[in-house]
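So the sequence lines, in the order shown, correspond to chains A and B.
Position 48 (the first sequence) corresponds to 48 in the working numbering; numbering is contiguous.
Position 433 (the second sequence) corresponds to 1433 in the working numbering; numbering is contiguous.
We put the beta carbon where it would ideally sit given N, CA and C, even for glycine.
Here is the structure we will look at, set down as structure tokens.
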Amino acid sequence: MAGEPLLNVQGVETYYGNIRALAGVDVVVNRGEIVSLIGANGAGKSTLMMTICGSPQARSGSVIFDGEDITRQPTHLIARRRISQSPEGRRIFPRMTVLENLQMGAGLDNLKYFKEDVEKIFTLFPRLKERQSQRGGTLSGGEQQMLSIGRALMARPKLLLLDEPSLGLAPLIVKSIFEAIKKLNQEEGLTVFLVEQNAFAALKLSDRGYVMVNGKVTMAGTGKELLANPEVRAAYLEGGRH
Amino acid sequence: MANSPDTGNPNLIAKAIKEGIFAGLLALGMFILFVGIETYQDISNALVWRTRWGLLAIFVAVAAIGRFLVVGFIKPHIDRRKLAKAKSGVLEISEEKGFLRTHFLKIALVALVLYPIVAVMLAGTQGSLKYVDNFGIQILIYVMLAWGLNIVVGLAGLLDLGYVAFYAVGAYSYALLSEHFGLSFWILLPLAGILAAMWGIILGFPVLRLRGDYLAIVTLAFGEIIRLVLINWTDVTKGTFGISGIPKASVFGIWSFDVGAANNFTKAFGLPMSSAYYKIFLFYVILALCLLTAYVTIRLRRMPIGRAWEALREDEIACRSLGINTVTTKLTAFAIGAMFGGFAGSFFATRQGFVSPESFVFLESAVILAIVVLGGMGSLTGIAIAAVVMVGGTELLREMSFLKLVFGPDFTPELYRMLLFGLAMIIVMLFKPRGFVGSREPTAFLKERKAIAGSFTKEGHG
């Protein structure tokens, strides 16, 4: 799995006003990897995700994507470098139809690949095909998550950021979403960076993982290593397998 | 809901009578002081009071009988219909549309084009003035304003309470530039639009970070600032006196409507002198402007910028993470919305021949916004219907002299305009919370287009 680094986060510190949410975080995501970031509530996982996307911007440290420094770039320009995000809380467009939501994702290429990509998304998530002309807001939570991931994929990303894809979903749906992510990674070589509270499922899926506590990365290793690590087991697995 | 579908259910009637009496008592309590007692000044200027039991009785009776009918007959009827609909499994989405509904737009357009001609035929040249000017032009100006505001509020979701400012910019642009430079309406119309769009961008910059209530307050202030500048900058705008003698529009410079001009329209066609022809011409001008607004809106909705507006209304953060530049998206929404306000403003100036800050008060912004909300945000058809109902309705009130027979000779129906406006809004929002036309036409489809019925969306999400 030793590809070259696609995303390199070095010593990033992010503040909300005077509150330091990230205290010097180093994370590397190599090309073709699935990397997951686990940690408790308030550890700064989502903040790291948002910092990569440039909102809020890091106060110090740097975010290098594909060899270029994107630390001070505005969010929409970062997105145009093909970092796609399925944000926390899914954030689909509720009044727009499923198809229109997907269309918004394809805006970067001006809908050039819209039709073929939509077909790809529909094979990945057949549920979305059934619901294509329904409003986003009327979908179930799992379907909304699928739509959110589908919308992110429509942008033909080099790096897919997933923020808590399992949040509030039934285990069966979580499984199918994680399977879809695995499939994308294996068949298309898609690089995925995943933030999860569901540590067990995330680590099982991932090539490598990071554990975050209070705005710092405290542990890193392959998915298997972390799963076997007694500290990780005690803190995130045995206590609460969500 | 009634347990048995019978209308003659005695329980139901008893319940209806009970609720009717209760409503009557409630109305009595509410109105006894406001309606039952009237104060006035007698000859020696002293304030005395008298009772109006008759009028109070009318109010109470209306409330009681109304409630009785609603509970006893109307509600069971609606429930039965809903039940029958649910039983037969007809979803709104698959509802067959009648001829009138499928061809509604074409019919409406033909009717609008023929409207002045019919008015002239029925009411005579002079008599048509009222229908073409008071109803036709007045309503179409509001349709255009509401469609312009719809771009900002309905599509981009930016609540703008100061829209009338752009209307004012357009009107004063035309008034001042034609007065000082003698430019014609057809040159100044686009210019007024551009100037208004510029002001739209000027307003847009400081409010980029604001949304919802905060944005509403700033835009409200902006509208007031423009009005106060117009009042106080007397050297240029002549303050509250306003600018009069604004030149009339010509038929593209070929024929003029000025009485003394050699190329006078009525003379050229050998018609009898009447201002009706000018009004009919103006009717077609504003109709064309409305159609332009509609065309541009429909086209833009299918273009990336239009899609970005709608996405922006839904979720700004998601927009940014999809590579949309929210700054330019917002500014274009403000600019294009303002541009149509500017067009409407310069048209307003040439139609009135007179502008003053009086015409651009906050109430106008509120009325335009009310039309957009009532019609259904984002729906052009719905907004047009709302404009006809609200503006046409208030004009109609002036005609209702028979109401004086009911409420006495002092009754001036126009004064109740705002009361009825509010009442209509409450009723519409209760029964159709998404406005007259709550469905929106999707812009993405693989095989066929389907309107998404309002009933598929949760409240608050729609």
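Return the CA-CA distance between residue i and residue j, expressed in angstroms with no decimal places.
i	j	result
residue 1180(B)	residue 1188(B)	12 Å
residue 168(A)	residue 1135(B)	55 Å
residue 1073(B)	residue 1015(B)	11 Å
residue 1114(B)	residue 153(A)	52 Å
residue 227(A)	residue 34(A)	15 Å
residue 320(A)	residue 1221(B)	Residue coverage of chain A in this structure runs from 1 to 242, which leaves residue 320(A) outside it and unanswerable.
residue 1255(B)	residue 1272(B)	15 Å
residue 32(A)	residue 1173(B)	60 Å
residue 1266(B)	residue 1137(B)	20 Å
residue 1462(B)	residue 1434(B)	In this predicted model, residue 1462(B) has a pLDDT of only 36, less than 50, meaning its place in the structure is not dependable; the value taken from the coordinates is given anyway. Approximately 7 Å, taken between the alpha carbons.
residue 63(A)	residue 164(A)	21 Å
residue 197(A)	residue 176(A)	17 Å
residue 1183(B)	residue 1258(B)	15 Å
residue 1425(B)	residue 1239(B)	34 Å
residue 1103(B)	residue 1382(B)	15 Å
residue 1302(B)	residue 1320(B)	20 Å
residue 1249(B)	residue 1186(B)	8 Å
residue 1450(B)	residue 18(A)	Bear in mind that the predicted position of residue 1450(B) carries a pLDDT of just 49, short of 50, making it unreliable; the figure below should be weighed with that in mind. Roughly 50 Å separates the two Cα atoms.
Applying a beta-carbon distance threshold of less than 7 Å, which residues of chain B neighbour residue i?
i	result
residue 21(A)	Result: empty, since nearest Cβ-Cβ is about 17 Å, beyond 7 Å.
How about residue i and residue j: are their beta carbons less than 8 Å apart?
i	j	result
residue 1344(B)	residue 1145(B)	yes
residue 1153(B)	residue 1327(B)	no
residue 1129(B)	residue 1366(B)	no
residue 1444(B)	residue 97(A)	yes
residue 1199(B)	residue 1229(B)	no
residue 1287(B)	residue 1347(B)	no
residue 1338(B)	residue 1175(B)	no
residue 1126(B)	residue 1244(B)	no
residue 212(A)	residue 44(A)	yes
residue 61(A)	residue 24(A)	yes
residue 159(A)	residue 7(A)	yes
residue 1132(B)	residue 1119(B)	yes
residue 1386(B)	residue 1396(B)	no
residue 144(A)	residue 72(A)	no
residue 12(A)	residue 58(A)	yes
residue 26(A)	residue 232(A)	no
residue 1204(B)	residue 76(A)	no
residue 157(A)	residue 83(A)	yes
residue 132(A)	residue 1446(B)	yes
residue 1335(B)	residue 1197(B)	yes
Please go through the same chain and pick out, in chain order, the residues whose beta-carbon is closer than 6 Å to the beta-carbon of residue i, but skip the five residues on each side of it.
i	result
residue 101(A)	92, 93, 136, 147 and 151
residue 142(A)	169 and 173
residue 1020(B)	1064, 1067 and 1068
residue 222(A)	208
residue 1377(B)	1154
residue 308(A)	Chain A is shown from 1 up to 242; residue 308(A) falls before or after that span and cannot be answered.
residue 1057(B)	none
Using a C-beta to C-beta distance shorter than 8 Å, which residues of chain A count as neighbours of residue i?
i	result
residue 1297(B)	Simply none; closest approach about 17 Å.
At a CB-CB cut-off below 8 Å, which residues of chain B make contact with residue i?
i	result
residue 99(A)	1442, 1444, 1445 and 1446
residue 93(A)	1310, 1311, 1314, 1315 and 1318
residue 155(A)	1322 and 1323
Against residue i, what residues of chain A qualify as contacts under a CB-to-CB distance less than 7 Å, listed in chain order?
i	result
residue 945(B)	Chain B is shown from 1001 up to 1462; residue 945(B) falls before or after that span and cannot be answered.
residue 1325(B)	76
residue 1321(B)	53, 75, 79, 85 and 87
For residue i, go through chain B and note every residue whose CB falls closer than 9 Å to its CB, in chain order.
i	result
residue 103(A)	1307, 1443 and 1444
residue 96(A)	1307, 1310, 1311, 1314, 1440, 1442, 1443 and 1444
Leaving out five residues before and five after residue i in sequence, what residues of the same chain have Cβ atoms less than 8 Å from its Cβ?
i	result
residue 1315(B)	none
residue 205(A)	34, 36, 178, 181, 182, 194 and 223
residue 1236(B)	1176
residue 1024(B)	1060, 1061, 1063, 1064 and 1067
Under 7 Å Cβ to Cβ from residue i, same chain only, skipping five residues before and after it: list those, please.
i	result
residue 3(A)	30, 31, 32 and 33
residue 50(A)	56
* Asked: Can you give, in chain order, each stretch of the alpha helix (DSSP H) that sits fully within the segment 52-95 of chain A and has at least 4 residues?
  -> Qualifying alpha helix (DSSP H) stretches, in chain order: 75-80.
* **In chain order, each alpha helix (DSSP H) run of at least 4 residues that lies wholly inside the segment 1226-1267 of chain B** => DSSP runs (the alpha helix (DSSP H)) wholly in the segment 1226-1267 of chain B: 1234-1237.
* Contact residues within the segment 113-135 of chain A, judged by C-beta distance below 8 Å to chain D -> Among the protein chains of the structure shown, namely A and B, there is no chain D.
* Asked: Where are the alpha helix (DSSP H) runs, 4 residues long or more, that stay fully inside the segment 1391-1448 of chain B, in chain order?
  -> DSSP runs (the alpha helix (DSSP H)) wholly in the segment 1391-1448 of chain B: 1393-1399, 1403-1407 and 1417-1431.
* Go through the segment 1274-1318 of chain B residue by residue and report every complete run of the alpha helix (DSSP H) that reaches 4 residues or more, in order. => Residue ranges of uninterrupted alpha helix (DSSP H) with 4 or more members, entirely inside the segment 1274-1318 of chain B and ordered along the chain, are 1276-1301 and 1304-1314.
* Would you list, in sequence order, the uninterrupted alpha helix (DSSP H) runs of no fewer than 4 residues that lie entirely inside the segment 160-188 of chain A? => The segment 160-188 of chain A is shown to contain whole alpha helix (DSSP H) runs of 4 or more residues at 171-188, in chain order.
* Starting from the N-terminal side, write out each stretch of the beta strand (DSSP E) that is 3 residues or longer and does not extend beyond the segment 82-158 of chain A. => Counting whole runs of 3 or more residues, the segment 82-158 of chain A contains the beta strand (DSSP E) stretches 83-86.
* Asked: Fully enclosed by the segment 1126-1197 of chain B, which alpha helix (DSSP H) runs are 4 residues long or longer?
  -> Whole alpha helix (DSSP H) segments, 4+ residues: 1138-1150 and 1164-1181.
* Unbroken stretches of the beta strand (DSSP E), 3 residues or longer, contained in the segment 1037-1087 of chain B -> Within the segment 1037-1087 of chain B, the complete beta strand (DSSP E) runs of at least 3 residues fall at 1037-1041 and 1047-1051.
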